[in-house]
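2 protein chains.
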Amino acid sequence: MVVYAGQGDPRRSIELLWRGTVAEKRPGPKPGLSVDAIVDAGIAVADEQGMAFSMRAVGERLGRTAMALYTYVPGKNELVDLMYDRTMAELPTSYPLDDGWRPAVTRWAHDMWEFYGRHPWVLQVSQARPVLGPHEFAVVEALARILVTTGLPGRQLRGIVGAINYFVRGAAQTVAEARAAGGATGEADEEWWYARSAVLMEIEPDLAKKFPVLHLLESDREPVDPELPYLENDAVENFRNGLRVLLDGIEGAVAKP
Amino acid sequence: MVVYAGQGDPRRSIELLWRGTVAEKRPGPKPGLSVDAIVDAGIAVADEQGMAFSMRAVGERLGRTAMALYTYVPGKNELVDLMYDRTMAELPTSYPLDDGWRPAVTRWAHDMWEFYGRHPWVLQVSQARPVLGPHEFAVVEALARILVTTGLPGRQLRGIVGAINYFVRGAAQTVAEARAAGGATGEADEEWWYARSAVLMEIEPDLAKKFPVLHLLESDREPVDPELPYLENDAVENFRNGLRVLLDGIEGAVAKP
DNA sequence: GCTCATACTTTACGGCATAAAGAATCATCC
DNA sequence: GGATGATTCTTTATGCCGTAAAGTATGAGC
Chain V
-2 MVVYAGQGDP
8 RRSIELLWRG
18 TVAEKRPGPK
28 PGLSVDAIVD
38 AGIAVADEQG
48 MAFSMRAVGE
58 RLGRTAMALY
68 TYVPGKNELV
78 DLMYDRTMAE
88 LPTSYPLDDG
98 WRPAVTRWAH
108 DMWEFYGRHP
118 WVLQVSQARP
128 VLGPHEFAVV
138 EALARILVTT
148 GLPGRQLRGI
158 VGAINYFVRG
168 AAQTVAEARA
178 AGGATGEADE
188 EWWYARSAVL
198 MEIEPDLAKK
208 FPVLHLLESD
218 REPVDPELPY
228 LENDAVENFR
238 NGLRVLLDGI
248 EGAVAKP
Chain B
-2 MVVYAGQGDP
8 RRSIELLWRG
18 TVAEKRPGPK
28 PGLSVDAIVD
38 AGIAVADEQG
48 MAFSMRAVGE
58 RLGRTAMALY
68 TYVPGKNELV
78 DLMYDRTMAE
88 LPTSYPLDDG
98 WRPAVTRWAH
108 DMWEFYGRHP
118 WVLQVSQARP
128 VLGPHEFAVV
138 EALARILVTT
148 GLPGRQLRGI
158 VGAINYFVRG
168 AAQTVAEARA
178 AGGATGEADE
188 EWWYARSAVL
198 MEIEPDLAKK
208 FPVLHLLESD
218 REPVDPELPY
228 LENDAVENFR
238 NGLRVLLDGI
248 EGAVAKP
């Protein structure tokens, strides 16, 4: 079971996110840690263990107890908020528009896709009521800067930005979770997938007859890339096709009134 | 912190999902519960408390201890798998196609949107779930049956089915999480949002200058429906606009090649 | 050299899923 | 009809988790 987190105390999170740390002269022992170091350690642990990482684990990586972290960070939720924004610093903040908005949006989407692949736990951070940190702002601004060049009105663009985000996130989630499940049991994707179909077929042999259209969709396959694990072939193909449709829709909106 | 779950032992889950329970003559005390009763109780508790519901809470609702449930269900993850599929039984399994695929897909999307509103915890159940239950199959089959009438090839439809799903889920998630966060702190959406912007503005007054395009998008607003909470106005509007773009894209694919 | 804020550890609490063991129930066989 | 043993359910216990509270060591400023 994986943990879904984020949404610490907004005031604290926002201050930590936006306010630069000011080094003052103070009594007491020198701080051996820093918010930055803790956030980095947190990201490293989460990349390995997923969102179910524990404060104890983060502390251990820094040679401290879990409680030592509470000197720097109010709690786990706020830490996740900080980790979330920090990772986003990896992403580009602007895209060339020489060939128009469409290739630029495609690049943005692929960058996000790969980003989620590197840090799957990010997909578990709550989306609504975002604790908007500077880097998340920058990432969304980058997409918005591409899309304004379509000339579409703001309220339509908001829907489009949302749709693209939901799509990329959702597609990435599918892969991330599939990988996590396979990785957890140590099975390869392919075996894992087949093992399940086998059980299903054994119990419900008439699946194809009961859900004929799904069966139809499933059977129309492109040749498989042997480099990628079984499930990821599907995911990549679906991502490309879905994105194309989405972009076609935007193009339609641009062309028409 | 909310829990993200699902993905129990696939064999057990699949058997419980697809195999009808056979009542045999057996020694020992009569079972006072049943898998069905437990699943229903689980759904009721999850509707109230979200995915962070506990086995203890489910047991209590049935007048038993948490451990009593383990006689019927292997563990919490498998229970979530069952709850997930059971709720899906609420959804229609077919849609009229008299006016073509577009209104039918729109209906499907709105039904899903409302469904997620009734059972927000469902959004926390893993997506890459190979543990497909009969009702989830039926829901996706319903969408597929609408979309085959476009005449598009299977592999393109897979991408489209995925895109629609991701979009609806993502949009619903935003609302669900907003509501959950509001409920948790007891604040209304609006206050919450304003409080946060206030903190943000206090710390980073130049936000509009730093992210000019986002500022532009944010300021182009439709008149607000006073019936709905602040954030939900946004969400509903974005849902409608995003869906329109997505459907336009499908239409383009149908018309073109 | 004393004061006291600070960094960090230790211990402890209440919550969770669930393993293990025990108590109660009841169809079946002798 | 009484013993057997499978079955339901409770009790107790284990080992996680986040984090509150209290204790110890450090070092700047008076």
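Going line by line, the protein sequences match chains V and B. Numbering of the first sequence is given in my numbering, commencing with residue -2 and proceeding in unit increments. Numbering of the second sequence is given in my numbering, commencing with residue -2 and proceeding in unit increments. Glycine included, each C-beta is placed from N, C-alpha and C at the ideal position.
For this session: Assign Gly180(B) to buried or exposed, taking buried as 16 or more other Cβ atoms, counted over all protein chains shown, within 10 Å of its Cβ.
Result: For the purposes of this step, residue 180(B) is identified with residue 183 of the second sequence, where counting begins at 1. For Gly180(B), the pLDDT reaches just 49, beneath the cut-off of 50, and the residue's location in the model is therefore unreliable, although a value from the coordinates is still provided. The residue is exposed, with fewer than 16 neighbouring Cβ atoms inside 10 Å.
For this session: Taking 8 Å as the threshold, find out whether the stretch 130 to 148 of chain V comes into contact with the stretch 144 to 152 of chain B through three or more Cβ pairs.
Result: no
Exercise. If we count the other Cβ atoms within 10 Å of its Cβ and call it buried at 16 or more, is Asn238(B) buried or exposed?
Worked result: Along the second sequence, read from residue 1 onward, the residue named residue 238(B) stands at position 241. Answer is buried; the Cβ neighbour count reaches 16.
Exercise. Mind checking Asp95(V): buried by the 16 CB within 10 Å criterion, or exposed?
Worked result: Residue 95(V) sits at position 98 when you count from the first residue of the first sequence. Looking at its Cβ environment, which holds fewer than 16 other Cβ atoms inside 10 Å, Asp95(V) is exposed.
Exercise. Along chain V, in chain order, which residues have C-beta atoms closer than 7 Å to that of Ser62(B)?
Worked result: Taking the first residue of the second sequence as 1, we reach residue 62(B) at position 65. Here residue 62(B) is Thr; the residue named in the question, Ser, does not match the sequence. For the C-beta of Thr62(B), not a single chain V residue is nearer than 7 Å; the gap to the nearest is close to 21 Å.
For this session: Any chance you could list the beta strand (DSSP E) runs of at least 3 consecutive residues sitting entirely within the stretch 34 to 72 of chain B, in chain order?
Result: none
Problem set entry | 8 Å Cβ cutoff, Glu234(B) in contact with chain V | Here residue 234(B) corresponds to residue number 237 of the second sequence, with the count starting at 1. Among the CB atoms of chain V, one or more fall inside 8 Å of the CB of Glu234(B).
Exercise. Is the stretch 129 to 136 of chain V in contact with the stretch 158 to 170 of chain V, if contact means three or more CB pairs nearer than 8 Å?
Worked result: no
For this session: Spatial neighbours of Glu184(B) within its chain, please: CB distance less than 6 Å, with the 5 preceding and 5 following residues excluded, ordered by chain position.
Result: Residue mapping note: residue 184(B) aligns to position 187 of the second sequence, counting from 1. For Glu184(B), the pLDDT reaches just 49, beneath the cut-off of 50, and the residue's location in the model is therefore unreliable, although a value from the coordinates is still provided. No residues qualify anywhere along the chain.
Exercise. Do we get a CB-CB distance below 8 Å when we pair Asp217(V) with the residues of chain B?
Worked result: Locating residue 217(V) in the first sequence gives position 220, where the first residue counts as 1. At least one beta carbon of chain B lies nearer than 8 Å to the beta carbon of Asp217(V).
Problem set entry | Residues near Ala65(V) in its chain [Cβ-Cβ closer than 8 Å; skip 5 each side] | Residue 65(V) sits at position 68 when you count from the first residue of the first sequence. These residues qualify, in order along the chain: Leu30, Gly56, Leu59.
Exercise. Between the stretch 76 to 93 of chain V and the stretch 22 to 29 of chain V, do three or more beta carbon pairs fall short of 8 Å?
Worked result: no
Problem set entry | Interfacial residues, the stretch 144 to 158 of chain B to chain V, with Cβ spacing under 9 Å | Residues passing the 9 Å Cβ filter: Leu144, Val145, Pro150, Gly151, Arg152, Gln153, Leu154, Arg155, Gly156, Ile157, Val158.
Exercise. How big is the Cα-Cα spacing for Val(-1)(V) and Arg83(B)?
Worked result: Counting from 1 along the first sequence, the entry for residue -1(V) is found at position 2. Counting from 1 along the second sequence, the entry for residue 83(B) is found at position 86. Since pLDDT at Val(-1)(V) reaches only 49, below the 50 mark, its modelled position is unreliable, and the value read off the structure follows with that caveat. Distance between the alpha carbons of Val(-1)(V) and Arg83(B) is about 22 Å.
Exercise. Quick one: what does DSSP say Glu201(B) is sitting in, helix, strand or coil?
Worked result: On the second sequence, position 204 is the one that residue 201(B) refers to. In the structure shown, Glu201(B) sits in coil (DSSP, three-state: anything other than H, G, I, E or B).
Exercise. How long is the line joining the alpha carbons of Val289(B) and Tyr113(B), rounded to whole angstroms?
Worked result: This structure gives no information on residue 289(B), because the portion of chain B shown stretches from -2 to 254.
Exercise. By the 10 Å Cβ neighbour count, where 16 or more other Cβ atoms means buried, how is Arg241(V) classified, buried or exposed?
Worked result: For this step, residue 241(V) is matched to residue 244 along the first sequence. So Arg241(V) counts as buried.
Exercise. If we ignore side chains and look at the alpha-carbon of each, how far apart do Ala139(B) and Thr68(B) end up?
Worked result: By 1-based counting over the second sequence, the position of residue 139(B) is 142. By 1-based counting over the second sequence, the position of residue 68(B) is 71. Going by the C-alpha atoms only, they are around 35 Å apart.
Problem set entry | Nearest-angstrom Cβ-Cβ length linking Val137(B) and Leu211(V), presumed shorter than 8 Å | Sequence index remark: in the second sequence, residue 137(B) carries index 140 (1-based). Sequence index remark: in the first sequence, residue 211(V) carries index 214 (1-based). In this structure Val137(B) touches Leu211(V) by the C-beta definition: roughly 6 Å separates them, less than 8 Å.
For this session: At 7 Å on the CB atoms, spell out the chain B contacts of Ala160(V), in chain order.
Result: In the first sequence, the residue the question calls residue 160(V) occupies position 163. The contacting residues are Phe164, Gly239, Val242, Leu243.
For this session: Please compile the residues from chain V whose C-beta is within a distance smaller than 7 Å of the C-beta of Glu12(B).
Result: Working through the second sequence from its first residue, we reach residue 12(B) at position 15. Near Glu12(B) (Cβ distances below 7 Å), the residues of chain V are Ile200.
For this session: Measuring alpha carbon to alpha carbon, tell me which of Arg8(B), Met109(B), Trp15(B) ends up nearest Pro202(V).
Result: Mapped onto the first sequence, residue 202(V) falls at position 205. Among Arg8(B), Met109(B), Trp15(B), the Cα nearest to that of Pro202(V) is on Trp15(B).
Exercise. Would a C-beta distance cut-off of 8 Å place Ala38(B) and Met52(B) closer than the cut-off?
Worked result: Locating residue 38(B) in the second sequence gives position 41, where the first residue counts as 1. Locating residue 52(B) in the second sequence gives position 55, where the first residue counts as 1. In this structure, Met52(B) does not lie closer than 8 Å to Ala38(B) by Cβ.
Problem set entry | Residues near Met80(V) by beta carbon distance below 6 Å, same chain, minus five either side | For the purposes of this step, residue 80(V) is taken as the residue at position 83 of the first sequence. Result list for Met80(V): Val36, Gly39, Ile40, in chain order.
Exercise. What are the start and end residues of the alpha helix (DSSP H) that includes Thr103(B)?
Worked result: The sequence position of residue 103(B) within the second sequence is 106, counting from 1. Thr103(B) -> alpha helix (DSSP H) spans 98 to 115.
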